[in-house]
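Using our numbering, the letters of the sequence shown correspond one by one to residues 558 to 866. Structure, as structure tokens:
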Amino acid sequence: MAAGSCSTVRGKILVTGGTGQVGGELAKTLAPLGEIVVPGRAEMDLSHADSVRAAIRDAQPRWIVNAAAYTAVDKAESEPELAYAINAEAVRAIGEEAQLIGAGVIHFSTDYVFDGTGSAPYLETDTTSPVSVYGASKLAGEQALAGSGVPHMIFRTSWVYGAQGKNFLRTILKLAREREVLRVVGDQHGAPTWSRDLAKMAAHVIVQCEAAAEGRPLADALAETIGVYHAGGGGETTWHGFAAEAVRLVRERDPEVQLATIEAIKTSEYPTPAKRPANSRLNCDKLGRRFGWSMMDWHESLRQVLAEL
Ligand SMILES: NC(=O)c1ccc[n+]([C@@H]2O[C@H](COP(=O)([O-])OP(=O)(O)OC[C@H]3O[C@@H](n4cnc5c(N)ncnc54)[C@H](OP(=O)(O)O)[C@@H]3O)[C@@H](O)[C@H]2O)c1
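As structure tokens, this is what we get:
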């Protein structure tokens, strides 16, 4: 997938997780910026650091955008080694290899690095305290990347969904067609984030960084932007609120459609192997201040995603 002769990015962009929600959108959204390389599992297996290192040495990218992850939150409780290998050790290898070749790294992390006991949206500077193996493995990945010394930006996001991939919205709409009543957790607060909005945000950040790197090494330009940013969808809701609004909008479009009634339940009524934070709202002001980017309000992204389904 090559770009034209006047690429914004002066080198290749390696995107991991191309079969996933965010990686799939990234591969499309970043394509106009330069030459995109999207290795699959066979070429770059994140459960093996050697495979990660070999793929990066082979591609020699200017940017690595890591959207691959072990994302099965409940399964991670019984597969901690694999979750850590993919979410932490592979990220360390990415950082170390990128540092050797002078590449910049964009990495995605999660609201689940927090324990959810606060009552306000979390700031980047707030104390992390994951309550699940998944959250802990993602936090270890953040720390490994920072420890590698590579110029990097970590975007913590939340409740990712879109028209493609495995996600809450698609599951709810399928179940709502099959059942009369759906009981959905109503005491976990957060914000749904559209995978495409995240990809657009990453493209915006890369364009800004490339402009800042005009006439100097990329690492020098990135030194000014290194760090963690919160990038969750605008607004806030609960899983129940999200499901109810999705069903309401589908009914609005098609009043004849038979869809389940959506009832709110407590987290304690829906036990899962992994604990989830009750509050995982993210304060995204830093993203706005540093890059001039506001994530799309979840009501608006929901309308746009439903139009694609
Ligand atoms: N989904 C959410 O609600 C959510 C919330 C907060 C943060 N995030 C973060 O956002 C980022 C993107 O998530 P997403 O929703 O796009 O994830 P996703 O749809 O589950 O996709 C995960 C991707 O990782 C790849 N992958 C997993 N194990 C791999 C391995 N051993 N080697 C190579 N590739 C591997 C998968 O490839 P295969 O197709 O081969 O399995 C897939 O392309 C991740 O960092 C995630 O932690 C997600």
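Just so you know, even glycine gets a beta-carbon here, dropped at the ideal spot from N, CA and C.
Nonlocal neighbours in the same chain, by C-beta distance under 7 Å from residue i, ignoring five residues either side
i: Ala801; result: Ile819
i: Leu639; result: Ser604 and Tyr627
i: Leu816; result: Ala733, Arg734, Val804, Val807 and Arg808
Backbone CA spacing between residue i and residue j [nearest angstrom]
i: Arg619; j: Val807; result: 43 Å
i: Ser715; j: Phe799; result: 13 Å
i: Val670; j: Gly704; result: 17 Å
i: Leu755; j: Ala788; result: 8 Å
i: Gln617; j: Ser564; result: 17 Å
i: Tyr946; j: Tyr718; result: Since the first and last residues shown for the chain are 558 and 866, residue 946 lies out of range.
i: Arg847; j: Asp602; result: 33 Å
i: Gly561; j: Ile593; result: Here Gly561 scores only 40 on pLDDT, less than 50, and its place in the model is too uncertain to base an answer on.
i: Ala629; j: Glu767; result: 34 Å
i: Ile763; j: Asp811; result: 40 Å
i: Met852; j: Glu654; result: 30 Å
i: Leu775; j: Gly568; result: 11 Å
i: Val498; j: Ala599; result: Absent from the model: residue 498. The displayed extent of the chain is 558 to 866, so no value can be given.
i: Leu680; j: Ser837; result: 11 Å
i: Tyr641; j: Val814; result: 43 Å
i: Gly706; j: Ala624; result: 20 Å
i: Gly790; j: Val566; result: 27 Å
i: Ala520; j: Thr782; result: One cannot answer for residue 520 here, as it falls past the ends of the chain, which runs 558 to 866.
i: Ala831; j: Arg740; result: 19 Å
i: Gly591; j: Ala584; result: 11 Å
i: Lys632; j: Thr573; result: 21 Å
i: Val862; j: Cys841; result: 22 Å
i: Leu839; j: Ile613; result: 32 Å
i: Gly792; j: Ser858; result: 11 Å
i: His664; j: Ala693; result: 16 Å
Close-in-space but distant-in-sequence residues of the same chain around residue i (CB under 6 Å, 5 per side omitted)
i: Ala770; result: Ala778
i: Gly743; result: Thr795, His797 and Ala821
i: Tyr786; result: Phe712, Lys843 and Leu844
i: Gly661; result: Trp620, Pro708, Leu775 and Leu779
i: Ser666; result: Lys695, Glu699, Ile711 and Arg713
i: Trp850; result: Met758, His761 and Leu844
i: Ile643; result: Leu603, Ser604 and Tyr627
i: Leu571; result: Val594, Ala616, Pro618 and Ile621
i: Ala697; result: Ala645
Burial state of residue i, where buried means 16 or more other Cβ atoms lie within 10 Å
i: Ala559; result: Annotation note: pLDDT 40 at Ala559 (below 50); position unreliable, coordinate value reported separately. When all chains shown are included, Ala559 counts as exposed.
i: Gln578; result: buried
i: Ala864; result: exposed
i: Thr682; result: exposed
i: Leu866; result: exposed
i: Ser825; result: exposed
i: Ala780; result: exposed
i: Thr829; result: exposed
i: Asp668; result: buried
i: Arg833; result: buried
i: Pro596; result: buried
i: Leu657; result: exposed
i: Val738; result: exposed
i: Gly772; result: exposed
i: Gly575; result: buried
i: Gly784; result: exposed
Own chain residues within Cβ distance below 8 Å of residue i, not counting five before or after
i: Thr794; result: His746, Gly747, Ala748, Pro749, Glu802 and Trp855
i: Thr586; result: Arg753, Ala756, Lys757, Ala759 and Ala760
i: Lys823; result: Val742, Gly743 and Asp744
i: Gly722; result: Gly577, Gln578, Gly581 and Ser752
i: Arg867; result: For residue 867 there is no data in the structure shown, the boundaries of the chain being 558 and 866.
Meets three-Cβ-pair contact criterion under 8 Å: the stretch 681-688 and the stretch 629-639: no
Three or more C-beta pairs below 8 Å linking the stretch 605-624 and the stretch 642-661: The answer is yes - the stretch 642-661 touches the stretch 605-624, with three or more Cβ pairs under 8 Å.
The stretch 660-680 in contact with the stretch 723-732 per 3-pair CB rule at 8 Å: no
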